[in-house]
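Trainee: Numbering (the numbering used here), first residue to last: 329 to 397.
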């Protein structure tokens, strides 16, 4: 299951909970927690991509420096 699907399901459940009960603070807390998890995952995806780019660049530069001697 993709995170986007899980997040949509969570939002629906949180909205349904907010309509059924008056515990808005708990519902808002769940929504904020889900948003923070979403942001963390997106940030981690960017960091992993940047790490791969740097690793490939390092390998390429190593190969270039190896053959230019």
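Beta carbons: idealized from backbone N, C-alpha and C, even for Gly.
So is residue 355 buried or exposed if we call it buried at 16+ other beta carbons inside 10 Å?
Mentor: So residue 355 ends up on the buried side.
Trainee: Using a threshold of 9 Å, state whether the C-beta atoms of residue 366 and residue 343 are closer than that.
Mentor: Contact flag unset, no.
Trainee: Nearest CA to the CA of residue 357: which residue from 338, 379, 395?
Mentor: The residue with the shortest Cα to Cα distance from residue 357 is 338.
Trainee: From the DSSP output, in three-state form, read off residue 330 for me.
Mentor: It is coil, neither helix nor strand.
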